[in-house]
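Structure first, then comments.
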Amino acid sequence: MMRFLLPLVVFLIVATFMFVGLGLNPREVPSPLVGKAAPAFTLPQLHEPSKQFSPQDMKGKVWLFNVWASWCTACENEHPVFLELSRQNLVPIYGMDYKDKREDGEAWLRKHGNPYAMVVSDAEGRVGIDYGVYGVPETYVIDKQGVIQHKQIGAVTPKILNEKIIPLVKELQAK
Amino acid sequence: MRYLLISLVCLLPAFTYAGEATDMAADPVLEKRMIGLAENLRCLVCQNESLASSHADLAEDLRREVREQMQKGLSDQEIIDYLVSRYGDFVLYDPPVKKSTLVLWYGPFVLLLLGIGMLVYQLRKRKSQIAETALSDADAQRAAELLNETPALPNQPKDPQA
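Keeping their order, the protein sequence lines are chains A and B. Mapping of the first sequence onto my numbering: residues 36 to 210, in sequence order. Mapping of the second sequence onto my numbering: residues 4 to 165, in sequence order.
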């Protein structure tokens, strides 16, 4: 009996590990920034480069920080989700145009619509490094104290928005 | 002599062109140190490539960042800490021993011990199963005959030494 049972148990354990591993997304690297203060920066605004924006301006508000670029195809997929969210007026969405030319970013927003309360331009990608950006789009949920509460890697889908981001935003706003 | 001068002058544009890659040429020692450090760091875009060998845009930016921090006089460890605080342990090819990496570090040794334990257990079990039996006289004689017999193989001299 043992002769058959033992290999079966070993096989089941290995199979479980492999099955779980199959479902994991290797691109989702857990961010060490969740639970930490959003890194400070000062960047020029996309539409008015003479004006600047800094995350400190957002203290006391829950906000979304979405990193996108005109060269990023996945951003086009998630864009309607943000357009819809901005219509709901639930939470301000701030955008960062990452490693992009100003004209290209502006043209992209003209073409696809602008859900952002404001967009900053990180042409050199330095602030991106501070935020641990390694693929665009990425979206951060930042609370009233300026702490990153969630990092979404890759496009935000309606499912992720409704099941994760909106409940989290409401919870943070109630605090 | 004149030809040498002319050919040198001809080479001038080449020198000015080389000047564009300032990062590389500026400080070969620093560049070497940067590459040495980047070889132990993982590129996040193409995850099986090191930061040193990757051509991804982000890898280039990160190499620039590392270079600049080195110029500022930060130690290798400080730069690694800087990157880990942003991208997590994932950037390290050599993950630190932590609660979440205990299985990774010690799992193989546990498996090895388990294997040795099972081997010892099986061997002991087998040993106890084999009963010692005495050889009968007839069998002992037959065994001695077999041992004395030299196999007569063809194509082989009986005594190569002779």
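Yeah, the Cβ is synthetic: ideal placement off N, Cα and C, and Gly gets one too. Being a predicted model, the structure only gives us computed values, none of them experimental.
None of the residues of the stretch 97-128 of chain A has a beta carbon lying less than 9 Å from any beta carbon of chain B. In the three-state scheme derived from DSSP, where H, G and I count as helix and E and B as strand, A:E173 is classed as strand. Between B:D97 and B:I133, the alpha-carbon positions lie close to 49 Å from each other. In this model, A:P65 and A:P74 are separated by some 17 Å (Cα to Cα). A:V49 sits exposed, since fewer than 16 C-beta atoms from the chains shown fall within 10 Å of its C-beta. Counting C-beta pairs with one atom in each stretch, the stretch 118-130 of chain A and the stretch 99-110 of chain A have three or more that are closer than 8 Å, which means they touch.
About 7 Å separates the beta carbons of A:M93 and A:G181, which is inside the 8 Å limit, making them a contact pair. DSSP lists A:F88 as the bridge partner or partners of A:L78. Rounded to whole angstroms, the separation of the alpha carbons of A:L40 and B:Q80 is 50 Å. Taking all protein chains shown into account, A:W143 has 16 or more neighbouring C-beta atoms within 10 Å of its C-beta and is therefore buried. For the pair A:D157 and A:G148, the CB atoms are not nearer than the 7 Å cut-off. Taking 7 Å as the Cβ-Cβ cut-off, the stretch 126-147 of chain B has no residue approaching chain A. The C-beta of A:I164 comes closer than 7 Å to at least one C-beta of chain B.
When 7 Å is used as the limit between beta carbons, A:G170 is near these residues of chain B: V48, in chain order. Taken through DSSP and simplified to helix, strand or coil, B:Q132 comes out as helix. Listed along chain B, the residues sitting closer than 8 Å to A:G167 by beta-carbon distance are R89, Y90, G91. When 8 Å is used as the limit between beta carbons, A:S85 is near no residue of chain B, the shortest such separation being about 26 Å. About 17 Å separates the CB atoms of A:L81 and A:E173; that is not less than 8 Å, and the two are not in contact.
If you draw a straight line from the Cα of A:M36 to the Cα of A:V44, it comes to about 12 Å. The continuous beta strand (DSSP E) containing A:M131 extends over residues 128-133. For A:K71, there is no enclosing beta strand (DSSP E), as DSSP gives it neither H nor E. The DSSP assignment places complete alpha helix (DSSP H) segments of no fewer than 4 residues inside the stretch 138-210 of chain A at 161-165, 201-209, in order along the chain. For a Cβ distance threshold of 8 Å, nothing in chain B lies close to A:P193: the least Cβ distance comes to about 27 Å. Cβ-Cβ distances below 6 Å link A:P150 to F117, L118, S121, I128 in the same chain, with the five nearest sequence neighbours on each side left out; the list follows chain order. Secondary structure at A:N101: strand, using DSSP grouped into helix, strand and coil.
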